[in-house]
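When you read off a place in the sequence shown, starting at 1, and then add 65, the result is the number in the numbering used here.
We treat Cβ as the ideally placed atom computed from N, Cα and C, and that holds for glycine.
Just so we're clear, the structure is a prediction, and the values are computed from it rather than from any experiment.
Notes for the one structure printed next.
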Amino acid sequence: MASISADGRWFALGFDDGTMPFRAVKGMNDILPEQMARWQRLESAFRETMALYGYGEVRTPVVEETQLFVRSIGESTEVVDKEMYSFARHDTSLTLRPEGTAGAARAFLEHGVYSRAPLTRWYYLGPMFRAERPQRGRYRQFWQAGGEVYGDQGPVADAEMIVMLCDLLQKLGVTDLHIAVNSIGSPQARERYRQLLLDYLRPRAEHLSEHARARLEDNPLRVLDSKDERDRTVVSTSPSILDALDAEDQEHFSEVTRMLDGSGVGYRIEPRLVRGLDYYTRTVFEISTSSAGVGAQNALVGGGRYDTLLAGLGGPQIAAVGFAMGLERLLLAMPEEAPKKSLPCYFVTLGAETWSKALELAQSVRRAGYRAELDARQGASLKSQLRRADALGARYAVVVGPDELQRQVAALKDLAQHTQRELPLDQLVPTLLGELSHPQQQERPH
Ligand code: HAM
């Protein structure tokens with residue numbers, strides 16, 4: 066229920082009647098503290114892996130000039146054509162980043178990193194924005210963790226990245242992985258293939274979806290990753306891009322697959338995998354999962370090589386390869402874990418006169434490095450405070466009531482052993498710390 070106060074301001078008494086005027090923007094989600102343990106586990110596993118492979122973290126702005134994305138991702142892609150959140154400010158069109166590769170490449174060039182570190186590995190983690198139709202696993206603000214390697218054109222960089230990602234996904238407990246790899250060659254090979262594909266698709270245009278027909282002349286490669294059944298049927302017998310590659314591209318790709326074979330990664334060559342962004346050259350890959358719970362949006366990781374992007378943005382000719390993974394999708398794919406409850410100490414207070422002593426005691430426990438929660442809710446009963454301590458998995462509860470204060474003591478309740486004793490106030494913290502420093506006592510069994 067919501068009401069308007071005497072001075073005209075809106076205030077809430079509960080939102081069950083739907084009168085709360087503000088909601089998160091459609092397709093954009095709040096991540097609440099109770100969900101955070103899983104997010105943090107995922108983020109730390111990612112950071113640890115990236116550090117093992119020599120990547121350093123980069124943080125670039127969430128907003129870039131629109132032209133950066135148009136030039137790198139490509140004008141006729143879905144992302145640039147339909148999904149960007151763009152707005153004008155001070156005569157410049159700006160866009161909320163739909164992905165991280167373009168901004169990282171811009172920063173890499175802008176700071177001249179290539180002249181001091183010709184081989185550079187960067188990773189990033191942050192929110193991205195695409196105005197897509199929201200559904201399970203597909204959001205308008207979503208989180209990506211990604212990595213980019215600049216200055217290595219060899220096939221080892223591609224294979225190493227795929228192997229690293231498989232290890233990371235395995236570590237996170239994600240199962241039923243499908244690793245699809247392909248090579249889309251050089252821009253010249255792609256131009257040749259574009260023509261081949263057009264010659265194949267034009268006479269079959271009437272069997273394509275309206276959407277595919279509309280973009281056929283513009284960007285026929287997009288038809289290859291259409292999800293529409295009609296398009297899938299037509300492209301199932303289309304010429305393969307692998308046949309249009311030149312000898313060097315072919316050699317590069319066979320080295321990548323040879324190394325993947327050697328590393329024991331089970332992958333599939335998917336000649337129709339072209340990816341939805343225009344900057345790719347040579348190797349492209351996608352990792353998806355068929356694990357239940359993920360739903361239709363099952364692409365977890367996408368990536369590939371983009372050897373011409375940096376030069377295209379005005380920089381020197383520097384080869385690059387990278388990936389990004391969607392954190393919400395990974396969380397849907399990761400197994401659930403029993404939430405870890407561990408709170409060393411909960412301070413129960415009974416009335417205003419007990420607050421400052423309890424605050425002082427709780428501070429001493431925290432300064433010694435132990436988590437402590439202080440319950441100083443006005444009017445909360447002893448029972449309700451102890452119930453909360455229990456729900457949080459507290460090992461000890463310290464009860465500071467007016468009667469105890471008068472006698473200069475506090476009650477120390479061991480919530481695991483179901484025992485209670487009284488201690489003089491000046492001995493409470495040393496006793497508690499002594500017991501907490503005993504390893505088995507830090508966490509309460511549950
Ligand atoms: P992408 O395939 O567009 O590639 O996105 C990578 C991953 O981000 C997807 O596999 C998916 O897990 C997640 N993702 C994409 N869109 C959404 C969405 N609307 N909601 C939730 N998750 C989403 C890139 O972004 C490239 N920048 C990857 C890359 C880096 N290539 C080279 N370097």
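Please report the distance separating the alpha-carbon of residue i from that of residue j.
i: M93; j: R198; result: 11 Å
i: L342; j: V321; result: 21 Å
i: G79; j: M85; result: Unreliable placement is indicated for G79, whose pLDDT of 49 sits below 50; no coordinate value is reported for it.
i: K422; j: L457; result: 22 Å
i: L52; j: E122; result: In the structure as shown, the chain begins at 66 and stops at 511. Residue 52 is therefore absent and cannot be evaluated.
i: F388; j: R442; result: 48 Å
i: L117; j: T157; result: 40 Å
i: Q482; j: V127; result: 51 Å
i: S449; j: R486; result: 20 Å
i: K236; j: R340; result: 26 Å
i: S328; j: V228; result: 7 Å
i: L325; j: Q315; result: 15 Å
i: G358; j: L365; result: 13 Å
i: G499; j: V221; result: 53 Å
i: A172; j: E335; result: 33 Å
i: R297; j: A110; result: 37 Å
i: A476; j: L107; result: 40 Å
i: G466; j: L451; result: 13 Å
i: R280; j: D146; result: 11 Å
i: N363; j: L133; result: 28 Å
i: Y258; j: Q100; result: 46 Å
i: A253; j: S305; result: A small correction: the amino acid at residue 253 is Gln; Ala does not occupy that position in the sequence shown. The straight-line gap from Cα to Cα measures roughly 15 Å.
i: E294; j: A245; result: 20 Å
i: D383; j: T373; result: Before going on, a small fix: residue 383 reads as Ile here, not Asp. Answer to the nearest angstrom: the Cα atoms are 7 Å apart.
i: I352; j: H503; result: 45 Å
i: E113; j: R154; result: 39 Å
i: F152; j: L230; result: 35 Å
i: G380; j: A182; result: 15 Å
i: G219; j: S319; result: 12 Å
i: I69; j: F87; result: The pLDDT assigned to I69 is 43, lower than 50, so where the model puts this residue is not dependable; a value taken from the coordinates is nonetheless given after this. Each residue's alpha carbon lies about 15 Å from the other.
i: T496; j: R472; result: 18 Å
i: S446; j: R453; result: 11 Å
i: T346; j: T354; result: 25 Å
i: W187; j: K478; result: 50 Å
i: A170; j: Y120; result: 15 Å
i: A89; j: P192; result: 15 Å
Could you pull out every residue in the same chain whose Cβ sits closer than 7 Å to the Cβ of residue i, ignoring the five residues on either side in sequence?
i: R136; result: G377 and L378
i: R195; result: V144, E148, P163 and R205
i: Y150; result: T160, L161, F194 and A196
i: R269; result: V299
i: L424; result: L439
i: E469; result: A475 and A476
i: R431; result: A437
Kindly list the residues whose CB is nearer than 8 Å to the CB of residue i, restricted to its own chain and excluding five residues on each side of it in sequence; keep chain order.
i: I96; result: W104
i: L184; result: V214, Y215, G216 and D217
i: S303; result: L262, Y265, L266, L289 and R337
i: S429; result: V494
i: K91; result: P199 and R205
i: H272; result: R295, T298 and V299
Which same chain residues, not among the five before or five after residue i, have their C-beta less than 6 Å away from its C-beta?
i: E508; result: Residue placement at E508 is poorly supported in this model, since its pLDDT is 48, which falls under 50; the coordinates still yield a value, given next. Around E508: S407.
i: L190; result: A210
i: T348; result: D223, S248, V321, G369 and R370
i: A433; result: L498
i: A277; result: V288, S291 and D296
i: S141; result: D283 and N284
i: L233; result: T114
i: C410; result: V430, A437 and Y461
i: Y332; result: I244, V246 and L325
i: H317; result: P220 and R347
How many whole angstroms separate the CB atoms of residue i and residue j, which I take to be in contact at a CB cut-off of 8 Å?
i: F412; j: L426; result: 7 Å
i: E130; j: L161; result: Not quite, the Cβ-Cβ distance comes to about 12 Å (not below 8 Å), so this is no contact.
i: G369; j: A309; result: Their Cβ separation, rounded to whole angstroms, is 17 Å, which puts G369 and A309 out of contact at 8 Å.
i: S274; j: S301; result: Actually they do not touch by this definition, with Cβ atoms about 14 Å apart.
i: V344; j: G139; result: Residue identity differs from the one stated: residue 344 is Tyr in this sequence, not Val. Rounded, the Cβ-Cβ distance is 7 Å, consistent with contact.
i: L490; j: V474; result: 6 Å
i: S480; j: Y461; result: In the sequence on display, residue 480 carries Leu and not Ser. 7 Å between Cβ atoms; contact.
i: G202; j: G360; result: 5 Å
i: M226; j: V386; result: 6 Å
What do you reckon, is the C-beta of residue i under 7 Å from a heavy atom of ligand 2?
i: Q209; result: Among the ligands modelled here, namely ligand 1, ligand 2 does not occur.
Does the segment 172 to 191 come close enough to the segment 411 to 421 to have 3 or more Cβ pairs within less than 8 Å?
no
Three-pair Cβ contact test at 8 Å for the segment 271 to 291 versus the segment 245 to 263
yes
Do the segment 383 to 401 and the segment 229 to 246 meet, that is, are 3 or more Cβ pairs less than 8 Å apart?
-> yes
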